[in-house]
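Structure first, commentary second.
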Amino acid sequence: PEPSAGTPVAALTPSHPPGEEPEEEEDEDFQFLLCEGCGQDSPHPRLLRCLHTLCPGCLGSAKPAGQCPLCHAPVPAAIDNLLVSNLQSRLKVWRQIRSSGGASCSRCRVERALVWCSDCEEFFCARCLEEHQWWHKKKEHRVRNVEEMRAGSARAFLEDTRSSCSLFCTSSSHPEESRVIYCPRCERALCCPCALLDTRHAPFCDLRAESRRRQDELRSLRRDLRRLRDTFEAALLRLRSESSWQEEQRERLRCCVQASSERLQQLVRSEAEELRALLEARPESGRSELAEELRSVEGTLQRLEAAETVVDRLSRYGGEQELMDMQPFVKGALLELQRLRPPEPAEVREPQDFAECRARLRALVERVTGRPGEERGREVPRELGARPVQGPCCERAG
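Here UniProt numbering is used: the first residue of the sequence shown is 1, the next is one more, and so on.
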């Protein structure tokens with residue numbers, strides 16, 4: 001039970017031997033009291049419209065300006081987060097209670113505190129408590145044993161002290177009056193003298209009733225927000241699933257593109273090797289015939305050049321003896337050359353293996369690009385004229 005102002009001082013004396021400290025207990029996790037941006041403790045936390053709490057430093061350095069750095073929601077205005085500020089102050093008192101040396105008296109600041117007055121929000125030793133009791137003998141101030149509070153938890157201390165603060169009137173004529181009346185028109189709390197003297201405030205209601213109404217209103221909104229949160233969580237799961245599916249499909253398509261590209265490259269290389277092999281495997285008979293024609297024409301030209309050379313030298317340097325001995329033989333050779341005729345020009349006829357290679361190449365281009373392949377190189381240059389006919393290169397005139 002909580003001791004009142006009339007509780008004997010001896011009853012509040014600590015029961016443990018001097019110098020023996022109670023076992024340290026781990027405090028509750030109150031990380032929500034820190035700035036949600038930098039994670040530091042701030043003496044002036046600000047509550048944004050998006051209900052995030054930031055210190056003035058994080059709020060001032062937010063980029064772009066006018067947006068919450070956490071959720072990027074517009075920040076038209078911000079208010080002081082009184083809940084966090086008050087919890088920080090009360091948690092500081094709790095740390096004094098749990099400190100190794102214990103809390104000291106708020107009045108004399110010498111003796112160790114025995115009690116905590118939740119109305120005055122001060123620690124008192126035995127001597128200062130007697131003065132406090134005499135001074136507030138007509139008021140019901142709640143005092144609690146420090147050691148009992150020390151044995152509890154931080155959460156229990158904060159819950160016990162949340163309603164200890166009284167709302168005093170801001171009027172200079174009666175500053176000690178507590179505000180217990182609520183004016184719905186002005187939306188603020190009033191003390192009894194202010195409510196009676198100012199007729200503009202009407203109708204009135206009990207401040208505690210208004211406080212309970214606001215609590216109920218917040219609870220109702222919280223239930224609605226929980227349902228809304230469930231829908232948003234479902235939407236988030238759906239979007240994440242869709243994003244994961246798209247990434248999976250993108251990876252599959254990437255693998256398909258890579259595999260198809262490799263297959264196409266392999267196909268093109270394979271077709272190219274086959275076409276080269278087809279060109280190299282042209283029948284030897286066709287090659288030998290053309291080579292024989294080339295050798296025949298080249299040999300004839302060499303014989304004509306040699307004939308011109310022999311006749312010229314015989315005419316220039318030969319005497320009568322050489323002329324009489326060699327002329328019949330040279331004449332016979334010249335007459336034989338005179339009967340030779342060059343091959344007649346014939347129509348260009350492409351070898352069959354060339355046509356097959358060209359057709360397969362055109363089909364490969366169409367299959368890869370999806371467009372008809374262009375035929376190039378089919379025309380015979382004008383300066384080449386017609387290819388010689390197949391068969392014997394040189395024919396003797398009858």
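Glycine included, every Cβ here is placed at the ideal spot set by N, Cα and C. Values in this document were obtained by computation on a predicted structure and should not be read as measured data.
Under the three-state reduction of DSSP, which class applies to alanine 62: helix, strand or coil?
Taking the first residue of the sequence shown as 1, we reach residue 62 at position 62. In this structure, alanine 62 counts as coil in the three-state DSSP scheme.
DSSP-derived helix/strand/coil call for glutamate 217
Mapped onto the sequence shown, residue 217 falls at position 217. The answer is helix: DSSP assigns glutamate 217 an H, G or I state.
Are cysteine 35 and proline 43 touching if we call contact CB-CB under 8 Å?
Walking along the sequence shown from the start, residue 35 turns up at place 35. Walking along the sequence shown from the start, residue 43 turns up at place 43. No, the Cβ-Cβ distance between cysteine 35 and proline 43 is not below 8 Å.
So who's on the other strand from cysteine 117, going by DSSP bridges?
To locate residue 117, count along the sequence shown from 1; it is residue 117. DSSP, once it has assigned bridges, lists Glu122, Val143 as partnering cysteine 117.
Can you tell me whether glycine 299 is buried or exposed, with buried defined as 16 or more other CB within 10 angstroms of its CB?
Locating residue 299 in the sequence shown gives position 299, counting from the first residue. Classification for glycine 299: exposed.
Helix, strand or coil at aspartate 325 [DSSP, three-state]:
What you label residue 325 is simply residue 325 of the sequence shown in a count that begins at 1. Three-state DSSP puts aspartate 325 in a helix.
Run through the DSSP bridge pairs and tell me what glutamine 67 is partnered with.
As a position in the sequence shown, residue 67 is number 67, starting the count at 1. Note: glutamine 67 sits in a beta bridge opposite Pro74.
Does the ligand NAP have a heavy atom nearer than 7 Å to the CB of leucine 114?
Summarising the ligand content, the structure contains no ligands, and the ligand NAP is consequently not present.
Just how far apart, CA to CA, sit lysine 92 and valine 146?
Taking the sequence shown and counting its residues from 1, the one referred to as residue 92 is at position 92. Taking the sequence shown and counting its residues from 1, the one referred to as residue 146 is at position 146. Rounded to the nearest angstrom, the two C-alpha atoms are 14 Å apart.
Where does arginine 229 fall in DSSP's three states?
Here residue 229 refers to the residue found at position 229 of the sequence shown. Looking at arginine 229 - three-state DSSP - the assignment turns out to be helix.
First through last residue of the beta strand (DSSP E) which encompasses leucine 48:
As a first step, residue 48 is located in the sequence shown; it is residue number 48 there, counting from the start. It spans 46-48 - the beta strand (DSSP E) in which leucine 48 sits, taken as one unbroken run.
Can you tell me whether glutamate 26 is buried or exposed? The criterion is at least 16 other CB atoms within 10 Å of its CB, across all chains shown.
Residue numbering aside, residue 26 sits at position 26 when the sequence shown is read from its first letter. Reliability of the predicted coordinates at glutamate 26 is poor, the pLDDT of 44 falling under 50, and the value obtained from them is presented with this limitation in mind. It is exposed - the Cβ of glutamate 26 has fewer than 16 other Cβ atoms within 10 Å.
Give the straight-line distance between the Cα atoms of residue 400 and arginine 250, rounded to the nearest whole angstrom.
It is not possible to answer for residue 400, since the shown part of the chain is limited to 1 through 398.
Coarse secondary structure for threonine 161, derived from DSSP in three states
Counting from 1 along the sequence shown, the entry for residue 161 is found at position 161. Three-state result, threonine 161: coil.
Hey, valine 84 and leucine 48 are a contact pair by Cβ (cut 8 Å); roughly how many whole angstroms apart?
Along the sequence shown, read from residue 1 onward, the residue named residue 84 stands at position 84. Along the sequence shown, read from residue 1 onward, the residue named residue 48 stands at position 48. Not really, about 12 Å apart at Cβ, beyond 8 Å.
With distances taken from CA atoms, which of Thr53, Arg254, Glu305, Pro342 is nearest leucine 334?
Translated into positions along the sequence shown, residue 334 becomes position 334. Among Thr53, Arg254, Glu305, Pro342, the Cα nearest to that of leucine 334 is on Glu305.
What's the C-alpha gap between leucine 278 and glutamine 302?
For this step, residue 278 is matched to residue 278 along the sequence shown. For this step, residue 302 is matched to residue 302 along the sequence shown. Rounded to whole angstroms, the separation of the alpha carbons of glutamine 302 and leucine 278 is 35 Å.
Where leucine 34 falls: helix, strand or coil (DSSP):
To locate residue 34, count along the sequence shown from 1; it is residue 34. Leucine 34 falls in the coil class under three-state DSSP.
Determine which residues share a DSSP beta bridge with isoleucine 79 and list them.
Here residue 79 refers to the residue found at position 79 of the sequence shown. Beta-bridge pairing links isoleucine 79 to Leu47.
I need the straight-line Cα distance from leucine 340 to glutamate 292, nearest angstrom please.
Translated into positions along the sequence shown, residue 340 becomes position 340. Translated into positions along the sequence shown, residue 292 becomes position 292. Each residue's Cα considered, the two are about 16 Å apart.
Proximity to aspartate 353 [Cα-Cα], best of Pro184, Leu275, Cys58, Gly332:
Here the question's residue 353 lines up with position 353 in the sequence shown. Looking at the Cα atoms, Leu275 is the closest of the given residues.
If you run the structure through DSSP and keep just helix, strand and coil, what is arginine 109?
Numbered from its first residue, the sequence shown carries residue 109 at position 109. Correct three-state label for arginine 109: coil.
Counting C-beta neighbours from all protein chains within 10 Å, is the total for histidine 52 16 or more, i.e. buried, or is it exposed?
On the sequence shown, position 52 is the one that residue 52 refers to. By the 10 Å Cβ count, histidine 52 comes out buried.
Whether cysteine 50 touches glutamine 40 by CB criterion (8 Å)
Here residue 50 is taken as the residue at index 50 of the sequence shown, counted from 1. Here residue 40 is taken as the residue at index 40 of the sequence shown, counted from 1. Not a contact, by the Cβ cut-off of 8 Å.
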